[in-house]
Amino acid sequence: MFTKHLRRTLSAAAVAVAVVPLLAGGALPASAATNCTPMTQPILQSVKPMSGASLLTASTSEVTSAATKLGFTDERGVLFNASPTAKPGLVPVYRMTKNGDLVYIVDTPGVGEYENAKTRYGYTSQKIEFYASSWKVSCGVEVRRYLKGAMHRFAVSKSEQTKLTAAGWKDEGAKFWVQAAVAPAPSPAPTPTTAAPAPVVTTAPVVPVPAAIPTVNPDPASWVRYENIAKPGETINETLKNPALVGKYLKLGKGVFEISNYRDAAAAIRVPANVLGIIGEGHDTIIRMKPMSSTFGSTVPAQSAAPATNQLYLLRMNDGLQKQMIKDVWFQGTAQGHLQNGVMIGNSKPGTVVENVLITGFDGNAGTPPGETFGLNWWRGADGITRNVEVDGYRWTGDTFESRVRGAKVGASPIGWNSHNRAKLFDTYTHDSSFGMPTFWQSNDAETWNLQSVRNVIGINHEESFGIIHHEPVMKESTTRRHVNFMSQRGTGSLTIIGAINDEWINTTTSGAVFPGARMLVLTPTNYGGPNANTITAPPTIVLKDGVTKAPFTWAH
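This is how it looks when you write it as structure tokens:
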């Protein structure tokens, strides 16, 4: 069903992976070249001599701790470079543990190894360690995985691969691709007595990269720490009303901030309009509702031919000040026995930001209201900024990010822009939605960089929304095999997609390899909004990263 929106109203225990190979075979099909520039983070390797287990980490302090506390004393330095954050064409590589073994697996359910490691072999997914390419890249190097007994090792160089094979390690193939470790720069050669003329070097033109809006780091002077103003026994709603917060941010530390029940038929938590917002300390700052504490299930409208909107949100920040912000928080959806939304930013002023936020497990069950719910909803207003946000359709439980446990897939639309113009989005990962996808409804002139839509119903949905530009979006593994919806019954306009990375459109049941410039499917339904009601007459502009070369797509209309 087409989407319609808000229309009418290492610890010792943790360092622990398989006695048998997790999955036969290699990695995904090779692609065209992918940019290795984001892969700048050195990944260090340490080996535990007693068992042969291998630790890969970006943290020098973890290397030290693992050596003194866990026996990973063979410190081998930088193995390769990877990306510390999600970037176009890169996928998360998870650290997984079992019985003292460590293995690093790309989450590519089309291959199935990540799920196989958990469900068949009993591995625990500990965390995303880094981001890499899941297919061969001409600018990078392959990382091969080896198995001996119950332990895994990883190797990049031919010499190390040869040593492992000679020592009885079984080669399980290339598992992901990264940037080679950068060797130290050689000493400069002596200056010749007679300088030779400098050669003339001709370079290809460089395509300019759009200027990104800088990350916002509020001055600590604008914070008020929760522990300095919260009174014993009061709720976070009561704390947010403290006069000390007028024109300030509420700064939460690590921990669980739990509220029981909704305060009304719209929200459990409301950020007052005179408060600048909430800043946490990352994914270990958890805001949630106590499970099964809601008494508002009866307010959720029934799904019908004339649906009303589900108004229940865990948190609303509406009608606020300039430059409000939600930053460094995990909004954890919990079971309440009814459908629910995550976070609404409503009637926002220019410069409002949602940044470094994780949103998981808010229930929806349809592509139209009230079953259509949102993890993050930008409702009305304009010029909102979304940066480094992840919206996960799975429900996760746990009081820390590292101890989290995954439950059922429950989510509907991960992000929606509803009557919100000129939005900007950077480096955002939406995935595993059963009923939705990132969606623009009556929202014009937005621009995104690295909007990732993975294992959602489609890639990106545009309804009566024009002038939108997507830079290097990632769209793959949708349940409908569609990459883009572009539809309207209220006129026509432009849609531009630059440098997309997607799985190749083949047919309604089969997707091809994932690579830049793969053919995509764009659907403009004739009957959107009614029989023969479609009013879009111009196809979208879809080009490669250079911004000029046309990329192939099928326009179904």
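The numbering of the sequence shown is our numbering, which starts it at 8 and goes up by one. For each residue, glycine too, the CB sits at the ideal point set by N, CA and C.
- Message: Since residue 403 and residue 349 should fall inside the 8 Å C-beta cutoff, what is the C-beta to C-beta distance between them, to a whole number of angstroms?
- Response: The Cβ separation is near 13 Å, so there is no contact.
- Query: When burial is assigned at 16 or more other CB atoms within 10 Å of the CB, is residue 439 buried or exposed?
  - Reply: buried
- Where residue 545 sits in the DSSP three-state scheme: coil
- Quick one: complete beta strand (DSSP E) runs, 3+ long, within the stretch 254-286? 256-258, 262-266, 274-278, 284-286
- Query: If you draw a straight line from the C-alpha of residue 287 to the C-alpha of residue 165, how long is it?
  - Reply: 45 Å
- Message: By DSSP's criteria, residue 187 is part of a beta bridge. Which residues make up the other side?
- Response: 87
- Candidates 516, 541, 477, 497: closest to residue 95 by CA position: 477
- Quick one: grab the DSSP three-state call for residue 532. coil
- Query: With 16 other CB atoms within 10 Å as the buried threshold, where does residue 561 fall?
  - Reply: exposed
- Query: Exposed or buried, residue 565, counting other C-beta atoms within 10 Å across all chains shown (16 or more means buried)?
  - Reply: What the structure shows of the chain is the stretch from 8 to 564, and residue 565 is not part of that stretch, so it cannot be assessed.
- Check whether the Cβ atoms of residue 87 and residue 163 sit closer than 7 Å, and answer yes or no. yes
- Can you give me the Cβ contacts of residue 97 inside the same chain, cut-off strictly under 7 Å, excluding the 5 residues immediately before and after it? 45, 90, 138, 139, 140
- Item | Best match in 77, 114, 123 for proximity to residue 108 [C-alpha to C-alpha] | 77
- Could you please give me the residues that DSSP links to residue 178 through a beta bridge? 153
- Task: Could you tell me which residues DSSP pairs with residue 347 in its beta bridges?
- Result: Partner(s): none; residue 347 has no beta bridge.
- Distance, Cα to Cα, residue 354 vs residue 278? 13 Å
- Range of the contiguous beta strand (DSSP E) that encloses residue 162: 158-162
- Would you kindly report the start and end of the unbroken beta strand (DSSP E) that includes residue 432? 431-438
- Item | Helix, strand or coil at residue 105 [DSSP, three-state] | strand
- Message: Helix, strand or coil, according to DSSP, for residue 558 in the structure here?
- Response: coil
- Query: On the three-pair Cβ rule with 8 Å, is the stretch 327-335 touching the stretch 296-315?
  - Reply: no
- Using alpha carbons as the reference points, say which of 249, 564, 339 lies closest to residue 281. 249
- Item | Separation of residue 59 from residue 75, as counted between CA atoms | 16 Å
- Quick one: what's residue 461 bridged to in DSSP? 438, 483
- Message: Strictly by DSSP, which residues pair up with residue 132?
- Response: 103
- DSSP bridge partner residues for residue 386 (one or two, in chain order): 353, 425
- Contacts around residue 246, its chain only, beta-carbon distance under 6 Å, and the 5 residues preceding and following it disregarded: 237
- Whole-angstrom distance between residue 225 and residue 432, CA atom to CA atom: 19 Å
- Message: For residue 464 and residue 458, I'd like the C-alpha separation in whole angstroms.
- Response: 15 Å
- Query: How would you label residue 362, buried or exposed, when you count the other beta carbons within 10 angstroms and need 16 or more for buried?
  - Reply: buried
- Task: Could you tell me if residue 129 is buried or exposed, where buried requires 16 or more neighbouring beta carbons within 10 angstroms of its beta carbon?
- Result: exposed
- Query: Is the CB-CB distance between residue 122 and residue 112 below 7 Å?
  - Reply: no
- Task: Would you kindly report the start and end of the unbroken beta strand (DSSP E) that includes residue 72?
- Result: Not the beta strand (DSSP E): residue 72 falls in the alpha helix (DSSP H), residues 67-77.
- Does the stretch 314-325 come close enough to the stretch 369-383 that 3 or more CB-CB pairs lie under 8 Å? yes
- Where residue 319 falls: helix, strand or coil (DSSP): coil
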